[in-house]
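Worksheet: one structure, shown below.
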Amino acid sequence: MLEFKRDQLDDVEVLTLKGNLDALTAPELRPTIDELVANRRTKVVFDLRDLTLIDSSGVGAIVSLFKRVRMLGGDVKIACLANQPKEIFRLLRLDRAFDLFDTVEEARGKFKK
Amino acid sequence: MGDRISVVLPNNLRYRDAVGAMIREICQRLEHEGAEAGLGHQVISAFNEAFNNLSLHGDEREDLEVDLLLSAEQLAIEIRDRGEPFNYNEVTAPDLDELPESGLGIFIMRSFMSEVRYVPRADASGTNRLRMIRDLRGA
Chain B
54 MLEFKRDQLD DVEVLTLKGN LDALTAPELR PTIDELVANR RTKVVFDLRD
104 LTLIDSSGVG AIVSLFKRVR MLGGDVKIAC LANQPKEIFR LLRLDRAFDL
154 FDTVEEARGK FKK
Chain Y
6 MGDRISVVLP NNLRYRDAVG AMIREICQRL EHEGAEAGLG HQVISAFNEA
56 FNNLSLHGDE REDLEVDLLL SAEQLAIEIR DRGEPFNYNE VTAPDLDELP
106 ESGLGIFIMR SFMSEVRYVP RADASGTNRL RMIRDLRGA
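In order, the protein sequence lines correspond to chains B and Y. In the numbering used here, each number is its position in the first sequence, counted from 1, plus 53. In the numbering used here, each number is its position in the second sequence, counted from 1, plus 5.
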């Protein structure tokens, strides 16, 4: 099960994910990713506080958005990474590719600098 | 000798987390008893990728058989299916610097488990056997 919501705070899109982002649920997120890119939303924060589990399909969805937003000159930042998703990010060295923050506010603030 | 839990379930992603919950429970107990922190996250990640591969590429008409085998030395997960075998041994490690969007599943399995063995058509009935072992000694 995946629940996600999308909030626009100033010019930053915050995607909050809750539950599992995996082979079963990642396709549910794809239309939102496509829409963000189509609308050239170049400042994105993933709030992963309540993300319980991620697998390689879920990683693929996040990395896909990251690459596409980067091509538009923007960035995707990660907030509140913990537990199993943190293990996956560490293994796949995504903790080096993405800027990680303890809170959404910190991640949003980084865009302003 | 050790303990064995055996489950037969449909080859459908919807049932993956039911087995994952059992693995989580076992690993939480092992961690409480002194196993490496993060053991559960890692073993569940490996199991999920294995199940994903079999479910997405296997034969949905054929059930999967899953054995969890626990001893003082190791936790083993064996998954048997009768779908088309895949070329496990030919899969090479991804270039992580390229931020690949796919092809990470077997890398995750190999990284988080001490040993992964895949035997296609392991018996006369055409069963493929995937066995993943996590060493618990000195972890």
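All C-beta atoms in this analysis are idealised placements derived from N, C-alpha and C, irrespective of residue type, glycine included.
query, result
"Interface flag, B:A76 vs chain Y, CB-CB below 8 Å", "yes"
"Within chain B, the residues that Y:Q47 reaches when beta carbons sit closer than 8 Å", "E140"
"Of the residues B:L118, B:L70, B:T105 and B:G126, the one placed nearest B:E88, counting alpha carbons only", "B:L118"
"Whole-angstrom C-beta distance between Y:V48 and Y:L80, which should lie under 8 Å", "7 Å"
"Cβ-based contacts, 7 Å cut-off: residues of the stretch 144 to 160 of chain B near chain Y", "L144, L145, R146 and A150"
"Host beta strand (DSSP E) of B:L118 (start-end)", "Segment S109 to M124 is the alpha helix (DSSP H) holding B:L118; no beta strand (DSSP E) there."
"Straight-line gap, B:V157 to B:A132 (C-alpha atoms, nearest Å)", "5 Å"
"Contacting positions in the stretch 98 to 116 of chain Y - beta carbon closer than 7 Å to chain B", "L101, L104, E106, S107, L109, G110, I113 and S116"
"B:K96 classed as buried or exposed, judged by whether at least 16 other C-beta atoms fall within 10 angstroms", "buried"
"Chain-ordered neighbours of B:G113 on chain Y, where CB pairs are closer than 7 Å", "E106 and S107"
"Y:V96 versus B:L62 - alpha carbon distance", "43 Å"
"Length of the line joining the Cα atoms of B:A91 and B:P84", "10 Å"
"Closer than 8 Å to chain B by CB, Y:E95", "no"
"Cross-chain neighbours of Y:S130 in chain B, by beta carbon under 9 Å", "Neighbours of Y:S130 on chain B: none; closest Cβ ~27 Å, over 9 Å."
"Straight-line Cα distance separating B:T69 from B:R51", "Absent from the model: residue 51 of chain B. The displayed extent of chain B is 54 to 166, so no value can be given."
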